[in-house]
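Quick note: the sequence shown, position 186, residue 185 per numbering that gives the first Met the number 0, numbers continuous. C-beta: ideal position from N, C-alpha, C; glycine also. Okay, structure first, notes after.
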Amino acid sequence: MSRVNLAIIGGGLVGASLALALQAAAKARGWQIFLIEAFTPGEGYQPSYDARATALSYGSQQIYQRLGIWQQIARRAEPIQQIHVSDRGRFAAARLSALEEGVPALGYVAENAWLGQCLWQALDAEVVSWRSPAQVTRLEALADGYRLTLDDESCLECDLAVLADGGRSGLREQLGIGVSHRPYGQSALIANLTPQEAHRGQAFERFTEDGPMALLPLPENRCALVWTRAEADAERLLRLGETAFRDELQQVFGYRLGAIRQVGARHLYPLVLTEAQEQVRPHLVVLGNAAHSLHPIAGQGYNLSLRDTQALAEALLASRAPLGDFAVLQGYLRRQRGDQQLTLGFSDRVTRLFSNGEPLLAAGRNIGLLGLDLLPPAKRWFARQAMGLGTRAQP
Numbered sequence: 000m001s002r003v004n005l006a007i008i009g010g011g012l013v014g015a016s017l018a019l020a021l022q023a024a025a026k027a028r029g030w031q032i033f034l035i036e037a038f039t040p041g042e043g044y045q046p047s048y049d050a051r052a053t054a055l056s057y058g059s060q061q062i063y064q065r066l067g068i069w070q071q072i073a074r075r076a077e078p079i080q081q082i083h084v085s086d087r088g089r090f091a092a093a094r095l096s097a098l099e100e101g102v103p104a105l106g107y108v109a110e111n112a113w114l115g116q117c118l119w120q121a122l123d124a125e126v127v128s129w130r131s132p133a134q135v136t137r138l139e140a141l142a143d144g145y146r147l148t149l150d151d152e153s154c155l156e157c158d159l160a161v162l163a164d165g166g167r168s169g170l171r172e173q174l175g176i177g178v179s180h181r182p183y184g185q186s187a188l189i190a191n192l193t194p195q196e197a198h199r200g201q202a203f204e205r206f207t208e209d210g211p212m213a214l215l216p217l218p219e220n221r222c223a224l225v226w227t228r229a230e231a232d233a234e235r236l237l238r239l240g241e242t243a244f245r246d247e248l249q250q251v252f253g254y255r256l257g258a259i260r261q262v263g264a265r266h267l268y269p270l271v272l273t274e275a276q277e278q279v280r281p282h283l284v285v286l287g288n289a290a291h292s293l294h295p296i297a298g299q300g301y302n303l304s305l306r307d308t309q310a311l312a313e314a315l316l317a318s319r320a321p322l323g324d325f326a327v328l329q330g331y332l333r334r335q336r337g338d339q340q341l342t343l344g345f346s347d348r349v350t351r352l353f354s355n356g357e358p359l360l361a362a363g364r365n366i367g368l369l370g371l372d373l374l375p376p377a378k379r380w381f382a383r384q385a386m387g388l389g390t391r392a393q394p
């Protein structure tokens with residue numbers, strides 16, 4: 000029976016980021032980190048028109064800068080220079096700009112495959128070992144850690160297990176960790192598109208009576224679309240022919256970037272706000288989407304998970320207690336809880352407010368957006384949320 004210090008179940012962006020945040024100190028302390036991932040990372044990055052993308056806040060960029068890989072990520076990360084927030088059919092709008100906030104960019108948009116490639120290439124094989132493709136089928140608590148049973152029937156013991164295997168974590172359920180669900184009755188339609196005009200680093204948040212829409216800038220003048228609609232209507236949009244879909248999208252978004260020239264493959268994701276009722280146990284941490292999953296329209300989900308990851312790494316490295324010590328893990332969660340509650344609440348309230356077509360609420364939104372654009376303190380607060388700095392000191 001082999002034993003490692005830290006087993007990370009899920010080698011995606013969150014799991015790989017945690018391994019990277021710990022590896023320098025792990026090498027000095029003699030820790031062995033073991034990553035278990037169901038899908039084997041590709042041998043090399045392959046550009047794809049339809050690649051899924053992630054919006055990285057300015058705060059996330061600062062984290063990756065400190066971890067020493069931002070220069071590599073930036074090669075294919077599109078800076079967000081402006082965010083335009085509007086309510087369809089109403090005159091008010093709010094505009095945030097990197098120049099006004101005194102930062103190089105409000106955030107960045109990068110393809111998930113590229114982010115993963117940058118992270119995996121930065122891992123030190125002397126400290127971080129991989130088992131891929133592989134899955135953990137059973138997780139058993141021990142007095143001094145956890146025993147993992149893999150799908151090839153091999154077993155592994157660890158001092159600390161990190162569960163980062165996504166929002167549909169079967170292991171979380173197996174361990175009896177409850178999850179609170181708040182369904183939105185909506186689905187997000189995701190696609191990449193190419194507009195006629197240059198996006199110039201602009202991101203758009205467009206709220207309509209049928210649900211919110213986001214358009215984020217990508218390299219090669221592509222844009223990533225996140226279009227939220229009621230579940231049945233989202234299914235209808237998914238089934239539309241390309242011309243009919245493009246025409247309806249154009250009608251809702253308008254011509255801020257000219258005509259929409261090309262739309263790539265469309266994918267649909269049901270939307271539910273989920274939160275694990277336990278995120279730490281002795282020798283166990285639940286991280287990433289397994290811990291909380293947010294509505295994508297506010298672009299906060301991965302950024303919150305990355306801040307959790309950084310906070311966990313800092314707590315582990317600051318302690319001289321044995322790895323997996325419950326008091327250390329409780330301290331991590333206690334310090335990070337305010338950030339989580341603020342971000343989940345901000346995302347949920349914005350989504351529900353801007354998905355409601357009730358006339359009085361719509362009028363209030365209009366006044367709110369106008370006030371946001373005219374009142375510097377309110378605009379500053381909103382910008383800090385968008386940049387992932389809501390509970391953090393300005394870097």
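Among the bridge pairs identified by DSSP, Pro182 is matched with Val271. Taking a 10 Å sphere around the C-beta of Thr242, we find fewer than 16 other C-beta atoms and assign the residue as exposed.
For Arg245, same chain residues with a beta-carbon under 6 Å away, outside a window of 5 residues either side, are Ile259 and Val262 in chain order. Judged by their CB atoms, Leu21 and Leu315 are nearer to each other than the 8 Å cut-off. The continuous beta strand (DSSP E) containing Tyr107 extends over residues Gly106 to Glu110. For the pair of segments examined, the segment 276 to 283 was found to touch the segment 321 to 331: the number of CB pairs separated by less than 8 Å reaches three. With a threshold of 16 other beta carbon atoms within 10 Å, His198 meets it and is buried. For the segment 17 to 86, the full-length beta strand (DSSP E) segments reaching 3 residues or more read 32 to 35, 52 to 56, 76 to 79 and 81 to 86 along the chain. Rounded to the nearest angstrom, the gap between the Cα atoms of Val127 and Ala18 is 7 Å. Pairing Leu98 with Gln81, the inter-Cα distance amounts to about 9 Å. Within the model, the alpha-carbon separation for Tyr331 versus Ala202 is close to 33 Å.
Its Cα nearest to that of Ser85, the residue Phe252 stands out among Ala289, Leu270, Phe252 and Arg306.
Within the same chain, Ala50 and Ala52 come within 6 Å of Glu110 by CB-CB distance, once the 5 residues on both sides are set aside. Between the segment 60 to 78 and the segment 127 to 144, the count of Cβ pairs shorter than 8 Å is below three; the stretches do not touch. Looking at the backbone, the Cα of Asn4 and that of Ala231 are separated by about 47 Å. If you look at Gly210, you'll find it in the beta strand (DSSP E) that goes Gly210 to Pro216. Counting only the Cα atoms, Ser292 lies some 22 Å from Ala6. Take the alpha-carbon of Val108 and the one of Leu192: they are about 14 Å apart.
Look at Glu230 here: in three-state DSSP terms it is helix. Apart from sequence neighbours up to five positions away, the residues of its chain that approach Ser304 with a beta-carbon distance below 6 Å are Val13 and Gly287, ordered along the chain.
Assignment of Ala163 by DSSP, reduced to helix, strand and coil, places it in the coil class. Shortest Cα-Cα distance from Glu208 to any of Leu224, Leu343, Pro194 and Gln185 involves Gln185.
By the criterion of a C-beta distance shorter than 7 Å, Gln70 is surrounded by no residue of its chain, once the five residues flanking it on both sides are discounted. The three-state reading of DSSP puts Ser292 in strand, counting E and B together. Per DSSP, the continuous beta strand (DSSP E) segment holding Glu139 begins and ends at Val135 to Leu141.
DSSP, read as helix, strand or coil, puts Gly14 in helix. Nearest to Ala140 by alpha-carbon distance, out of Ala163, Leu155, Trp226 and Ala104, is Leu155. For Gly144, the uninterrupted beta strand (DSSP E) run begins and ends at Gly144 to Leu149, by DSSP.
A residue is called buried when at least 16 other Cβ atoms come within 10 angstroms of its Cβ; His294 meets this threshold and is buried. Scanning the segment 303 to 353 from its first residue to its last, the whole alpha helix (DSSP H) runs of 4-plus residues come out as 325 to 353. Approximately 24 Å separates the beta-carbon atoms of Arg228 and Gly257; this is outside 8 Å, ruling out the contact.
Each residue's CA atom was taken as its position, placing Asp338 and Leu217 some 28 Å apart. With contacts defined by Cβ atoms closer than 8 Å, Arg334 and Ala310 form a contacting pair. Ranking Leu270, Tyr48, Ser179 and Glu36 by CA distance to the CA of Gly115 puts Glu36 first. Between the C-alpha atoms of Arg137 and Arg171 there is a straight-line separation of about 10 Å. In terms of Cβ geometry, Gly166 and Thr273 form a close pair [threshold 8 Å].
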